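Reading the sequence shown from the start, the letters are residues 11 to 117 in our numbering.
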Amino acid sequence: MAELVERLVSRDLVVRDKGTGDVVGAYPLTTQATEHRVTLPQGTVHAMCAVDALGAGAMFGADVTIESRCRGCGAAIRIATKEGGTALGHVAPSTTVVWSGIGYKAR
Numbered sequence: 011m012a013e014l015v016e017r018l019v020s021r022d023l024v025v026r027d028k029g030t031g032d033v034v035g036a037y038p039l040t041t042q043a044t045e046h047r048v049t050l051p052q053g054t055v056h057a058m059c060a061v062d063a064l065g066a067g068a069m070f071g072a073d074v075t076i077e078s079r080c081r082g083c084g085a086a087i088r089i090a091t092k093e094g095g096t097a098l099g100h101v102a103p104s105t106t107v108v109w110s111g112i113g114y115k116a117r
């Protein structure tokens, strides 16, 4: 089992606590408190990042509510999904955007 967990860690599919070595996350969710809370029908969990929070509903086939904060200004963000988590139902504030931090550099 330890070898399998290490393979998952090496592929950045699970995250271990640096101190204890315990598995604390398996994308998109983590046992550690984050600023991205996802409420599923079964309860509230934490997502690793905003993009993971947005995908959690579709992963579980459920409508979810996401509560987070803007990294730039700290404003509260609330998002509700619909259609089994595959579409946005409500976004507040309506000007909310997700920035992934991935860039393209032309050669």
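Glycine residues also receive a C-beta, built at the ideal position from the N, C-alpha and C atoms.
Just so it is clear, the structure is predicted and the values come from calculations on it, not from any experiment.
Might you give, ordered along the chain, the residues of its own chain that have their beta carbon closer than 8 Å to the beta carbon of residue i, omitting 5 neighbours on each side?
i	result
Thr41	Val34, Gly35, His56
Asp32	Arg26
What whole-angstrom Cβ distance do residue i and residue j have, given they're in contact under 8 Å?
i	j	result
Ala37	Met11	According to the sequence provided, residue 37 is Tyr. The question's Ala does not apply to it. Rounded, the Cβ-Cβ distance is 19 Å, inconsistent with contact.
Ile76	Ala63	5 Å
Gly67	Thr91	4 Å
Val48	Thr54	7 Å
In the DSSP assignment, the alpha helix (DSSP H) including residue i goes from what residue to what residue?
i	result
Arg17	12-20
Met69	60-70
Which partner residues of residue i appear in the DSSP bridge assignment?
i	result
Glu77	Arg47, Arg88
Gly53	Leu50
Val25	Gly35
Val101	Ile89
Thr40	Gly35, His56
If you compare alpha carbons, which of the options is closest to residue i?
i	options	result
Thr44	Ser20, Val24, Ser78	Ser78
Ser110	Glu93, Arg81, Gly99	Arg81
Gly94	Gly84, Val107, Val74	Val74
For residue i, which residues from the same chain have a beta carbon less than 6 Å from its beta carbon, with the 5 sequence-adjacent residues on both sides left out?
i	result
Val101	Ile89
Report all residues from its chain with a CB closer than 7 Å to the CB of residue i; omit the five preceding and five following residues, and keep chain order.
i	result
Gly65	Pro38
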